[in-house]
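Each protein sequence line maps, in turn, to chains W and F. So for the first sequence, the numbering used here puts the first residue at 12; every next one is plus one. So for the second sequence, the numbering used here puts the first residue at 12; every next one is plus one. For every residue, glycine included, the Cβ atom is placed at its ideal position computed from N, Cα and C. A quick write-up on the structure given underneath.
Protein chains: 2
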Amino acid sequence: MVGDGEISLRPARREDVPAIVAMLADDHLGRGRERIEDPLPESYYVAFDAMAAASPIQMMVAETRSGRVVGCLQLAVLPGLSSQGASRGVIEDVRVAADCRSRGIGELLVRWALAEARQQGCRLVELFTHNSRVDAQRFYGRLGFAPSHVGMTIRFD
Amino acid sequence: MVGDGEISLRPARREDVPAIVAMLADDHLGRGRERIEDPLPESYYVAFDAMAAASPIQMMVAETRSGRVVGCLQLAVLPGLSSQGASRGVIEDVRVAADCRSRGIGELLVRWALAEARQQGCRLVELFTHNSRVDAQRFYGRLGFAPSHVGMTIRFD
Numbered sequence: 012m013v014g015d016g017e018i019s020l021r022p023a024r025r026e027d028v029p030a031i032v033a034m035l036a037d038d039h040l041g042r043g044r045e046r047i048e049d050p051l052p053e054s055y056y057v058a059f060d061a062m063a064a065a066s067p068i069q070m071m072v073a074e075t076r077s078g079r080v081v082g083c084l085q086l087a088v089l090p091g092l093s094s095q096g097a098s099r100g101v102i103e104d105v106r107v108a109a110d111c112r113s114r115g116i117g118e119l120l121v122r123w124a125l126a127e128a129r130q131q132g133c134r135l136v137e138l139f140t141h142n143s144r145v146d147a148q149r150f151y152g153r154l155g156f157a158p159s160h161v162g163m164t165i166r167f168d
Numbered sequence: 012m013v014g015d016g017e018i019s020l021r022p023a024r025r026e027d028v029p030a031i032v033a034m035l036a037d038d039h040l041g042r043g044r045e046r047i048e049d050p051l052p053e054s055y056y057v058a059f060d061a062m063a064a065a066s067p068i069q070m071m072v073a074e075t076r077s078g079r080v081v082g083c084l085q086l087a088v089l090p091g092l093s094s095q096g097a098s099r100g101v102i103e104d105v106r107v108a109a110d111c112r113s114r115g116i117g118e119l120l121v122r123w124a125l126a127e128a129r130q131q132g133c134r135l136v137e138l139f140t141h142n143s144r145v146d147a148q149r150f151y152g153r154l155g156f157a158p159s160h161v162g163m164t165i166r167f168d
């Protein structure tokens with residue numbers, strides 16, 4: 012699917028928000044966190060506009076030739092002092108539509124993020140995968156990521 | 012030290028960069044990554060200016076009453092679509108001067124970051140600790156962080 016040029020990547024547009032949120036919700040962790048309604052809660056659009064306005068953040072989608080959005084990835088490039096003032100890339104919200112997995116779409120998105128981060132001067136790219144996402148850890152391992160850190164979180168109620 | 016009002020927090024200024032970099036370098040992982048020279052490599056100042064310009068990032072320092080910088084923390088507040096468009100707080104580069112540890116300075120910095128993140132609408136705060144920083148993991152655990160994720164990284168050469 013990826014190999015034959017069927018999938019292309021482009022920056023996410025405001026009208027992609029429902030397709031992205033549907034992918035975020037279609038997941039054992041996401042199910043309880045998202046609200047799929049028609050129309051979607053306004054909070055999603057407020058967040059999209061904030062992302063678009065926050066210069067270090069890019070949200071990309073993967074689109075089929077027929078225009079269906081089948082994947083997404085958020086990349087933040089954060090300047091910082093450590094490692095001699097190198098920027099860090101932080102990848103979040105990687106999702107591929109359930110019926111389009113195992114076709115290289117996630118890899119296409121992540122490889123785009125790695126190339127983009129490197130081009131923007133990052134020396135390091137980081138991402139969190141939930142302890143329960145063993146398949147995701149194997150996937151990122153294949154792409155060269157090492158499980159070097161403990162990802163610690165606090166969730167506010 | 013913290014309890015008696017000896018330490019206060021304030022946003023980092025450009026002239027704090029040498030004190031911050033000294034703390035980053037004084038560490039088994041940081042030693043090989045930083046370059047302590049006089050003057051410091053320009054890359055650190057380029058990064059500081061980029062952080063100051065990037066609106067979602069705040070770099071805080073802890074300062075003694077006599078004006079010595081003894082701690083630092085970087086907080087990025089990243090808008091995102093997941094969790095109904097909630098922002099995420101990402102904490103990086105938490106350091107306390109070696110001779111000032113175990114006095115509550117790190118806790119003061121992290122508690123500031125949690126309050127700030129919550130106030131800016133974050134539902135989640137994340138940080139990476141290297142697998143080898145067992146003491147740090149215990150410290151963050153005491154502050155309410157859970158080791159819920161695997162932190163995966165790629166470092167470019």
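> When you compare only the Cα positions, how much space is there between Cys-111(W) and Pro-22(F)?
Replying inline: Mapped onto the first sequence, residue 111(W) falls at position 100. Mapped onto the second sequence, residue 22(F) falls at position 11. Cys-111(W) and Pro-22(F): Cα-Cα distance of roughly 46 Å.
>> Cβ closer than 7 Å: which chain F residues qualify as neighbours of Gln-85(W)?
In response: The count along the first sequence starts at 1 and reaches residue 85(W) at position 74. Result: Gly-91.
> DSSP state of Ser-77(F), grouped into three classes?
Replying inline: Translated into the one-based positions of the second sequence, residue 77(F) becomes position 66. DSSP places Ser-77(F) in coil when its eight states are reduced to three.
> Mind checking if Val-161(W) is an interface residue toward chain F, Cβ cutoff 7 Å exclusive?
Replying inline: The residue labelled residue 161(W) in the question sits at position 150 within the first sequence. Yes, its Cβ sits closer than 7 Å to a Cβ of chain F.
> By the criterion of Cβ-Cβ separation under 9 Å, what are the contact partners of Gln-37(W) in chain F?
Replying inline: For the purposes of this step, residue 37(W) is taken as residue 26 along the first sequence, with counting starting at 1. Note that residue 37(W) corresponds to Asp in the displayed sequence, not to Gln. The premise fails here: Asp-37(W) is roughly 12 Å from chain F at the closest Cβ pair, so nothing lies under 9 Å.
> How far does the alpha helix (DSSP H) with Pro-158(F) in it reach, from first residue to last?
Replying inline: The residue labelled residue 158(F) in the question sits at position 147 within the second sequence. First-last for Pro-158(F): 157-166, but that is the beta strand (DSSP E), not the alpha helix (DSSP H).
>> For Asp-104(W), report the span of its beta strand (DSSP E) as first-last.
In response: Within the first sequence, numbered from 1, the residue matching residue 104(W) stands at position 93. Here the beta strand (DSSP E) through Asp-104(W) covers 98-107.
> Exposed or buried, Ser-19(F), counting other C-beta atoms within 10 Å across all chains shown (16 or more means buried)?
Replying inline: By 1-based counting over the second sequence, the position of residue 19(F) is 8. That one is exposed.
> What is the DSSP secondary structure of Ser-113(F), reduced to helix, strand or coil?
Replying inline: As a working mapping, residue 113(F) is identified with position 102 in the second sequence. Looking at Ser-113(F) - three-state DSSP - the assignment turns out to be coil, as it is neither helix nor strand.
> If you drop the 5 nearest sequence neighbours on each side, which residues of the same chain put their C-beta closer than 8 Å to that of Cys-133(F)?
Replying inline: Position 122 of the second sequence, counting from 1, holds the residue named residue 133(F). Contacts found: Val-88, Ala-97, Ser-98, Arg-99 and Gly-100.
> Would you report the Cα separation of Tyr-151(W) and Gly-117(W), rounded to the nearest angstrom?
Replying inline: Along the first sequence, one-based indexing puts residue 151(W) at 140. Along the first sequence, one-based indexing puts residue 117(W) at 106. Using only the alpha carbons, I get a separation of about 10 Å.
> In terms of residue numbering, what span does the beta strand (DSSP E) encompassing Leu-51(F) cover?
Replying inline: Walking along the second sequence from the start, residue 51(F) turns up at place 40. No beta strand (DSSP E) holds Leu-51(F); DSSP gives it neither H nor E.
>> I want to see whether chain F comes within less than 7 Å of Gln-69(W), judged by CB atoms only; does it?
In response: Taking the first residue of the first sequence as 1, we reach residue 69(W) at position 58. Not an interface residue.
> Taking buried to mean at least 16 other C-beta atoms within 10 Å of its own C-beta, is Gln-130(F) buried or exposed?
Replying inline: Counted from its first residue, the second sequence places residue 130(F) at position 119. So Gln-130(F) ends up on the exposed side.
> If you measure beta-carbon to beta-carbon, which residues of the region 91-110 of chain W are closer than 8 Å to chain F?
Replying inline: Gly-91, Leu-92, Ser-93, Ser-94, Gln-95, Gly-96, Ala-97, Ser-98, Arg-99, Val-101, Glu-103 and Asp-104
>> Please list the terminal residues of the continuous beta strand (DSSP E) segment that includes Pro-22(F).
In response: To locate residue 22(F), count along the second sequence from 1; it is residue 11. Element bounds for Pro-22(F): 18-22.
> Helix, strand or coil: which one does DSSP assign to Glu-26(F)?
Replying inline: Taking the second sequence and counting its residues from 1, one reaches residue 26(F) at position 15. Correct three-state label for Glu-26(F): helix.
> the region 37-56 of chain F: which residues have C-beta closer than 7 Å to a C-beta of chain W, in chain order?
Replying inline: Gly-41, Arg-44, Glu-45, Arg-46, Pro-52, Ser-54 and Tyr-55
> Are Tyr-2(W) and Leu-92(F) touching if we call contact CB-CB under 7 Å?
Replying inline: What is shown of chain W runs 12 to 168, which leaves residue 2(W) out entirely.
> Anyone know if the C-beta pair for His-141(F) and Phe-139(W) falls short of 7 Å?
Replying inline: Your numbering for residue 141(F) matches position 130 in the second sequence. Your numbering for residue 139(W) matches position 128 in the first sequence. Result no, Cβ atoms of His-141(F) and Phe-139(W) do not sit closer than 7 Å.
> Rounded to a whole number of angstroms, what is the C-alpha to C-alpha distance between Glu-103(W) and Glu-137(F)?
Replying inline: What you label residue 103(W) is simply residue 92 of the first sequence in a count that begins at 1. What you label residue 137(F) is simply residue 126 of the second sequence in a count that begins at 1. Computed Cα separation, rounded: 11 Å.
> Which value, in whole angstroms, describes the spacing of the CA atoms of Arg-149(F) and Phe-156(F)?
Replying inline: Translated into the one-based positions of the second sequence, residue 149(F) becomes position 138. Translated into the one-based positions of the second sequence, residue 156(F) becomes position 145. Answer to the nearest angstrom: the Cα atoms are 9 Å apart.
>> Using 8 Å as the cut-off, can you tell me whether the region 62-76 of chain W makes contact with the region 61-78 of chain F, which would need three or more C-beta pairs spanning the two stretches below that distance?
In response: yes
> What number of angstroms, rounded off, separates the C-alpha of Ile-47(F) from the C-alpha of Met-163(F)?
Replying inline: Counting from one through the second sequence, the residue named residue 47(F) turns up at place 36. Counting from one through the second sequence, the residue named residue 163(F) turns up at place 152. Their backbone Cα atoms lie some 28 Å apart in a straight line.
>> Check whether chain F comes within 7 Å of Ile-116(W), counting only Cβ atoms and requiring the distance to be less than that.
In response: As a first step, residue 116(W) is located in the first sequence; it is residue number 105 there, counting from the start. It does not: the Cβ of Ile-116(W) has no partner Cβ on chain F nearer than 7 Å.
> What separation, rounded to the nearest whole angstrom, lies between the Cα atoms of Gln-2(F) and Ile-31(W)?
Replying inline: Any property of residue 2(F) remains undetermined from this structure, which presents chain F solely from 12 to 168.
>> Check for me: the alpha helix (DSSP H) holding Arg-153(W) runs from which residue to which?
In response: Walking along the first sequence from the start, residue 153(W) turns up at place 142. Element bounds for Arg-153(W): 145-153.
> What residues of chain W sit near Ala-30(F), judged by a beta carbon separation below 8 Å?
Replying inline: On the second sequence, residue 30(F) is found 19 positions in, with the first residue counted as 1. Here the premise fails: no neighbours, minimum Cβ distance about 11 Å.
> Just how far apart, CA to CA, sit Asp-146(W) and Pro-50(F)?
Replying inline: Working through the first sequence from its first residue, we reach residue 146(W) at position 135. Working through the second sequence from its first residue, we reach residue 50(F) at position 39. Roughly 47 Å between the two C-alpha positions.
>> Which residue wins for smallest C-alpha separation from Asp-168(W), given the options Arg-44(W), Val-105(W) and Pro-29(W)?
In response: Reading the first sequence from its first residue, position 157 is the one you call residue 168(W). Taking only the C-alpha atoms, the option nearest Asp-168(W) is Arg-44(W).
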